[in-house]
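S.K.: Sharing a structure with you now.
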Amino acid sequence: MLSTARSAQQAQQSRQERQADPARPADGVPAVPAPREAAGPGTGGAGPGKVDVVVVGAGIAGLAAARRLIGAGLAVTVLEAGPALGGRHATAVVDGFRLDRVGRLLTLAPEELGALPGLDGLVPRPFAPGVLVHTDGRYARWGAPHPRARRGALTVARALASAPRHPAASLDQARLGASLVRLAATPTQRLLARPDRTAREALTGRLPARTVQTVLRPLLAALLADPDLAVSSRRADLALRAFARGRVSVPEGGSGALPERLAALLPPGTVRTGVRVTEVSAARVVTAEHGAVACRAVVLATGARSAAELLPGLRVPAYHPVTVLHHTAPVAPTADPALLVESDPGGPVAHTAVMSAVDPVRAPGGRPLITSTVLGTPPDDTERRVRKHLAALYGTSTDEWELLALHHTRDAVLATPPAHDPRRSVRLLAGLYVCGDHRGAGTLRSTLASADRAAGAVLADLGLRAADWDDPGETGEEAA
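Here UniProt numbering is used: position 74 in the sequence shown is 74, and no number is missing along the way.
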């Protein structure tokens, strides 16, 4: 999180959100019906007449908030409108393939992932060192992770030498490598103390425009889903530092491993899917299936747009739309577990990878799985154009490739322009709280931090802990 003070406008925004005054529940409101679905191992669970908190939404924020509240001794029920938990982090299984809906890349080291509440034991599957850039029909492997990175500088140097280079790339690559090494060694607080402007403005002031356009723009598009580089320069620096340290990876088995791990820590019956909430207030929710549900507090942990539909006073921040396509093929186009990014304009593919080479768990019986991402609004003939583009990127025919799934997510990745407030209020009023990526910086760590803040606010208002929930001692790391 950024440690800078909120602007007057952001402070006014927070005050307006706190002025919401949902109606209190009427006497005799029925308690939540008996749970019908187990969410993981454990004992207990919220039964009739003993619900303290209802969490709306079973994404990672809602599950993390529920875990902390249950750990404090409260009876909690999590209501999810969809057929499965996870939200945008859900992973579908199709013919044995594990297919992500959005497929965000992880930029945390294994020890950092293990330190996140509930995610210890999560296995990150790293890409090959550096990034493979496609430009004008040529390929160049760019980037030199920090010497302390997992595979070491010598391995990286050999990888960098293994691909043909774009003309004039040698000098540019040396300058970029030196810049990344410096960035890798820069402490978080020093990065956050830099002036905040757009990433494009900051990067073009430090590196040649050709390097920014050809390498950093497509790389940051893969990491932050912002090909225009309108993202906060601080946020971009944190993402590039993670890349420089060799930390770009995906969760083993798909992004669904994140909510699955969190749900497995909850008592059986805590999570109920297929329950659509139509109204929320400080001490009840109303569901389409079961009517009103009484409780002592409500935590709204849906996406930003769904939250605003339930509480019209909430602002919906901007998001980057993402379309993900999963293909299988008779033969893998390459055995290289590289992140391949496209620097030429026109697309539509922004980046692609043979995901079965990166994470074999995602594909059955050694079959290839190629996962590709389109940023922005996709064209009408998305699959045809993507298939044609992939043939050019991989240098092979894609006529016999099979489309396994195509997922378009309008609100996929939170936009974080300069002066973005990474610490939006989670307490709307006593008894009503909100958490999720839209209350922070849009990262995994920030989303979990918002859940922790919301749960802390609930506990403080219920008198179960000191009222210091709004000052957890932030370090700024949540933005990474």
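Every residue, glycine too, gets a C-beta built ideally from N, C-alpha and C.
Nothing here was measured: the structure is a model prediction, and the numbers come from that model.
1. If we count Cβ pairs, one from each stretch, closer than 8 Å, do we get three or more for the region 266-277 versus the region 63-72?
2. Any idea if T377 is buried or exposed, counting beta-carbon neighbours within 10 angstroms, 16 or more meaning buried?
3. So, are the CB atoms of R104 and S233 less than 8 Å apart?
4. I need the boundaries of the alpha helix (DSSP H) containing F243, first residue and last residue.
5. Tell me whether the region 401-412 and the region 128-139 touch, counting them as touching only if at least three CB pairs, one residue from each stretch, are closer than 8 Å.
6. Alpha carbon to alpha carbon, how far is E437 from L414?
7. Run the CB neighbour count on R98, radius 10 Å, all protein chains shown included, and call it buried at 16 or more, exposed below.
8. Per the DSSP calculation, L216 is bridged to which residue(s)?
9. Using only the alpha-carbon positions, how far apart do G347 and H389 sit?
10. Considering A392, what are the terminal residues of the alpha helix (DSSP H) in which it resides?
11. Between the region 168-188 and the region 202-217, do at least 3 Cβ pairs fall closer than 8 Å?
12. Could you check what DSSP says for D437 in three-state terms: helix, strand or coil?
13. Quick check on A242: buried or exposed, where buried means 16 or more other Cβ atoms within 10 Å of its Cβ?
14. Nearest-angstrom Cα distance between M355 and A451?
15. Run through DSSP, which three-state label would T198 get?
16. Just list the alpha helix (DSSP H) runs in the region 283-360, keeping only unbroken ones of 4 residues or longer that don't cross its boundaries, in chain order.
17. So, with DSSP's three-state summary, where would you put E279?
18. Pick from A225, T91, D120: whose alpha carbon is nearest that of T443?
19. By alpha-carbon positions, which one of T373, A61, G96, V56 ends up nearest to L79?
20. Identify every residue that forms a DSSP beta bridge with I370.
21. For L314 and G303, I'd like the C-alpha separation in whole angstroms.
22. Is E402 helix, strand or coil by DSSP?
23. Tell me the DSSP secondary structure of P259 in three-state form.
24. From A391, T91, G463, E400, pick the residue whose C-alpha is nearest to that of E260; which is it?
25. Where does T188 fall in DSSP's three states?
26. On the criterion of 16 or more Cβ atoms from any shown chain inside 10 Å, does R410 qualify as buried, or is it exposed?
27. Would you kindly check if the distance between the Cβ of D336 and the Cβ of A357 is under 8 Å?
28. Based on Cα-Cα distance, which residue from G118, R141, R427 lies nearest to P129?
29. Between which two residues does the alpha helix (DSSP H) harbouring R68 extend?
30. Rounded to whole angstroms, how far is the Cβ of V277 from the Cβ of A454, which I believe are closer than 8 Å?
31. Which residues in the same chain have their Cβ closer than 7 Å to the Cβ of A65, if we skip the five residues on either side of it in sequence?
32. Are the Cβ atoms of residue 482 and T204 separated by less than 8 Å?
33. Got a sec, what are the start and stop residues for the alpha helix (DSSP H) D452 sits in?
34. Could you give the distance in angstroms between the alpha-carbon of A283 and the alpha-carbon of R101?
35. Buried or exposed: where does S343 fall if 16 or more other Cβ atoms within 10 Å of its Cβ makes it buried?
36. Leaving out the 5 sequence neighbours to the left and right, which residues in its chain are closer than 7 Å to R247 when beta-carbon positions are compared?
M.R.: Based on what the coordinates show:
1. yes
2. exposed
3. no
4. 233-244
5. Three or more beta-carbon pairs separated by less than 8 Å are not found between the region 401-412 and the region 128-139, which leaves the two stretches without contact.
6. Sequence inspection shows Asp at residue 437; the Glu mentioned does not correspond to that position. The alpha-carbon atoms of D437 and L414 are separated by roughly 7 Å.
7. buried
8. DSSP output for L216 lists no bridge partner at all.
9. 7 Å
10. 382-394
11. Inter-segment contact for the region 168-188 and the region 202-217 is present: three or more beta-carbon pairs are separated by less than 8 Å.
12. In this structure, D437 counts as helix in the three-state DSSP scheme.
13. buried
14. Going from the Cα of M355 to the Cα of A451 covers about 30 Å.
15. If DSSP states are grouped into helix, strand and coil, T198 belongs with the strands.
16. You should have 304-310, 355-358.
17. Three-state result, E279: strand.
18. If we check each option's Cα against that of T443, A225 comes out closest.
19. V56
20. H327, V354
21. About 11 Å.
22. Here E402 sits in strand by DSSP.
23. helix
24. T91
25. helix
26. exposed
27. Yes. Within cutoff.
28. R141
29. 60-71
30. Beta-carbon to beta-carbon, V277 and A454 are separated by about 16 Å, too far to satisfy the 8 Å threshold.
31. V55, V299, A301, C435, A451, A454, A455
32. Residue 482 cannot be examined here, being either before or after the span of the chain that is shown, 1 to 480.
33. Where D452 is concerned, the enclosing alpha helix (DSSP H) starts and stops at 444-461.
34. 33 Å
35. buried
36. T107, L108, A109
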